[in-house]
Structure formats: structure tokens, C-alpha cells
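Going by our numbering, the sequence shown opens with residue 1412, and the numbers climb by one from there.
All C-beta atoms in this analysis are idealised placements derived from N, C-alpha and C, irrespective of residue type, glycine included.
Keep in mind the model is a prediction, meaning the values are calculated, not measured.
Quick notes on the structure that follows.
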Amino acid sequence: MKTAIRYFTGTGNTKRIAGRIGDVLSAAGDTLDIAAIPGAPPVTDAGRCVFCSPVYALGLPRIVRRYLAGLPKPGTPRPAMLVVSAGNPDHTGWALRHGRELLDARGYCVIVSETIHMPDNWTPFLPAPAEDVAARRLAAGDESAAQLARDFLAGKERHRPFSLAAMTPAGSWLAHHGFHGLGINHMWSLFRATRECTSCGLCARICPVAAIEMVEGKPRWSKACEQCCRCFNLCPARAIEQLDLVGRGSTRGRYCEPNFKP
Ligand SMILES: Cc1cc2nc3c(=O)[nH]c(=O)nc-3n(C[C@H](O)[C@H](O)[C@H](O)COP(=O)(O)O)c2cc1C
Ligand code: SF4
Ligand code: SF4
């Protein structure tokens, strides 16, 4: 059977999950059509689909919501699996619920909707995971992804229930709507290149949505930014900072999936 796998990634965790799922499906005889969002060809003739996304502020990234909402409707309901990669598996909030709703509306039959715990990459605001912690989490994530793929192949329904776990409902609601309603349209303006910037231009070349333009040798961010944190985490000079609410630049660490080559 032909399986389409679509994923969005900032720093490689979700691409890794998509790859592990693909390994299991292809070992079972599937032909894979695997591609990154944005730029992925439309899903037309696949027998089943896998969608993988990071969690952003207790929801799905804007770019993933748009992609799912624009999927062409299949003639008959198409089996699908939705997997989100999360820095904290208890802080996935509305991500799976919204993804399932969008896929249902496009004529997909979601058999598996689950979370995989991966290293946190929101490093402008949260500490980067230590190397050994990240390595253990990635290894466990590989196993979880493979198990989900086996369940999907077996047609075994698996859905993680909606839960805000340790966060209060009011705090979660504010974080989610603050980011997706307001933050996403403004947070691009909080990125800065520091004096350490070498004008190499890598950040502009690797941005998945071409939100960075080099102006007089320095990066300039634009509102197309999805806040994936790829530029921040991969700048070789660690010369990118993102100002917090009181205007302080981040001094935290960086994270990237070790094999990720954007
Ligand atoms: C802007 C932003 C917001 C995030 N919000 C959450 C969150 O609400 N809950 C969570 O568990 N992880 C959150 N994360 C962490 C990522 O979802 C997680 O590290 C993911 O594995 C990153 O995947 P990637 O490497 O494919 O980009 C956030 C990351 C970013 C960049
Ligand atoms: S990747 Fe870093 S050093 Fe290179 S241009 Fe961008 S900010 Fe400057
Ligand atoms: S500008 Fe940076 S954070 Fe924004 S989408 Fe591009 S790489 Fe991601």
C-alpha cells in the first residue's frame, strides 16, 4: 500500500519520528511518500496517511493547522495516524484534539492519535536538555514511534485523552490563546542577532518558511516566522537571542536532534 507521511519540524525531533514510523511501515511492505511541510506535494492517491507535528503552546503550529485544513478530501475515508512530539507529554493541550477535528472534517479516519515525549526545543524560554537526557529521550521516542506504527498497521485504535495535567485550565487557556492568537504575529520581532553574528547567512537558508532576509549582512526576521526555533538553535555562532517579556535576551542553551540536517 502507498502511505503518505507528512511532517513539520523545527529542530529534527519530528522528522526523526516520521522516519521511524516510515521504517516500520516500509518493512511491512508499504511504499512511502514522505515529505516535509511546507512544500510537500498534496496527498492524493495514498491508501493511508501519517501526520507528525511538534506541539506549540499546547496546540498545533499554525502551519500544520493550515496544511491539515487544506487537505484534499479523499473519495472514501482514509485511515490516518496523527503523532505529536512534545517536550512535556502532559502539556500537549489541544494539539491532538484539534488535529483530529481537522482530519475528520477532511474525510480522514484517525485510528491513532498519540504523543511522543522528545527533548524540548523551546530553548529561548526553557532550559535545553542535557545531552544524556536528550539521548535517552530520543531512544525512547524511537521505540514509541515504532510501536505506534505497529498499532496503526494492526488497525488498533489508540487515542491519548485530552489532558492539561499539571497546568491549571486558566493558565493553559491563556498560554495557548496568547501564543496562537497574539504571540505568533509578534514574536518574530523579538529575535535579534548579537555582535557574535558572523553574517554567514545560515539562518536565512535553513528557515523552513523563508522568514529571514539578510540585510546588510545581518538577519532580519518577518511575520512569516512560525517560531520553530531552528534559527535560534542552529546558528553556529549562537548569535541569535529572543527577547523575553521584560526585554532580556535569552542566555539559555541550544538543542537540535543530533542527526538533523535541514
Ligand atoms: C514555540 C514552541 C512552543 C512549544 N510549546 C510546547 C508545549 O506547549 N508543550 C510541549 O510539550 N512542548 C512544547 N514545545 C516543545 C516541542 O514541541 C518539542 O521539543 C518538539 O519535539 C520539537 O520538535 P521539532 O524538533 O521537530 O521541532 C514547544 C516548542 C516551541 C518551539
Ligand atoms: S546563522 Fe548566526 S552567525 Fe550566521 S548570519 Fe544567522 S545569526 Fe549570523
Ligand atoms: S525565523 Fe527562525 S524561528 Fe522563525 S520559522 Fe524561521 S527558523 Fe523558525
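Is residue i near ligand 5, going by C-beta to nearest heavy atom under 8 Å?
i	result
residue 1548	Of the ligands one can find in the structure shown, namely ligand 1, ligand 2 and ligand 3, none is ligand 5.
When DSSP labels each residue in this structure, what does residue i get in the three-state scheme?
i	result
residue 1472	coil
residue 1610	coil
residue 1626	strand
residue 1539	coil
residue 1588	helix
residue 1533	coil
residue 1631	strand
residue 1502	coil
residue 1616	helix
residue 1477	helix
Near residue i, which residues of its chain fall below 7 Å by C-beta distance, leaving aside the five closest residues on each side in sequence?
i	result
residue 1505	1469, 1470, 1587
residue 1583	1469, 1504, 1575
What is the C-beta distance between residue i and residue j, in whole angstroms, given that I count them as a contact (C-beta under 8 Å)?
i	j	result
residue 1429	residue 1460	12 Å between Cβ atoms; not a contact.
residue 1632	residue 1610	About 15 Å; that fails the 8 Å criterion.
residue 1488	residue 1518	6 Å
residue 1615	residue 1635	Not really, about 12 Å apart at Cβ, beyond 8 Å.
residue 1561	residue 1435	6 Å
residue 1679	residue 1663	Lying outside 1412 to 1673, the shown extent of the chain, residue 1679 is not represented and no answer is given.
Work out the CA separation of residue j and residue i for me, nearest whole Å.
i	j	result
residue 1531	residue 1667	9 Å
residue 1427	residue 1644	17 Å
residue 1456	residue 1617	30 Å
residue 1447	residue 1546	24 Å
residue 1454	residue 1483	7 Å
residue 1552	residue 1673	20 Å
residue 1445	residue 1498	24 Å
residue 1496	residue 1529	6 Å
residue 1602	residue 1480	29 Å
residue 1564	residue 1522	10 Å
residue 1533	residue 1572	24 Å
residue 1625	residue 1417	29 Å
residue 1657	residue 1542	30 Å
residue 1589	residue 1648	31 Å
residue 1549	residue 1486	37 Å
residue 1524	residue 1494	6 Å
residue 1652	residue 1539	14 Å
residue 1708	residue 1535	The requested residue 1708 is not part of the displayed model; the chain covers only 1412 to 1673.
residue 1595	residue 1639	11 Å
residue 1559	residue 1502	20 Å
residue 1450	residue 1508	25 Å
residue 1579	residue 1585	10 Å
residue 1593	residue 1440	45 Å
residue 1544	residue 1581	31 Å
residue 1613	residue 1526	31 Å
How would you write the range of the beta strand (DSSP E) that residue i sits in, first residue to last?
i	result
residue 1554	Note, residue 1554: premise wrong, no beta strand (DSSP E); alpha helix (DSSP H) at 1542-1565.
residue 1444	1442-1447
residue 1528	1519-1528
residue 1493	1489-1497
residue 1653	1651-1653
Sorted by chain position, which residues of the same chain lie with C-beta nearer than 8 Å to residue i's C-beta, five sequence neighbours on each side aside?
i	result
residue 1591	1467, 1468, 1470, 1473
residue 1442	1412, 1413, 1414
Taking the alpha helix (DSSP H) that residue i belongs to, which residues open and close that run?
i	result
residue 1463	Run containing residue 1463: none in the alpha helix (DSSP H); it sits in the beta strand (DSSP E), 1459-1465.
residue 1516	1506-1516
residue 1431	1424-1438
residue 1417	Counting along the chain, residue 1417 falls outside any alpha helix (DSSP H), though it belongs to the beta strand (DSSP E) covering 1413-1418.
residue 1603	That residue, residue 1603, is in no alpha helix (DSSP H); its beta strand (DSSP E) goes 1602-1604.
residue 1643	1641-1645
Whose C-beta lies closer than 6 Å to the C-beta of residue i among residues of the same chain, with five residues either side of it excluded?
i	result
residue 1424	1496, 1529, 1668
residue 1637	1472, 1474, 1620
residue 1478	1448
residue 1465	1425, 1496
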